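To start, the structure under review is shown below, and the notes come after it.
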Amino acid sequence: MAKKSGGRLVSSAGLVNYYDSDDRRAIHISPIAVIVVTIATGVAVFVLNALF
């Protein structure tokens with residue numbers, strides 16, 4: 001088997017490094033905000049589909 005450098009998975013394709021960074025300039029969105037926006041979008045699509 002090939003060695004894995006640093007114990008990271010090959011299939012992660014560098015996403016581990018991206019998500020582990022603590023850059024202060026990065027946009028930080030809470031998981032709750034993502035869930036609320038997703039639910040609001042789903043309700044809006046449902047209501048608009050029912051009206052039109």
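So the sequence shown is numbered by full-length UniProt numbering: it starts at 1 and just counts up by one. No residue lacks a Cβ here, since even glycine has one placed at the ideal position from N, Cα and C. None of these values were measured; they are calculated from a predicted model.
Exercise for review: For A26, name the three-state secondary structure that DSSP assigns.
Suggested key: Here A26 carries a coil assignment [DSSP, helix/strand/coil].
Check your understanding: Rounded to a whole number of angstroms, what is the C-alpha to C-alpha distance between R24 and T38?
Key -> Straight-line Cα distance between these residues: approximately 25 Å.
Exercise for review: For the alpha helix (DSSP H) containing F46, list its first residue and its last residue.
Suggested key: Looking at the DSSP string, the run of the alpha helix (DSSP H) that includes F46 is P31 to L51.
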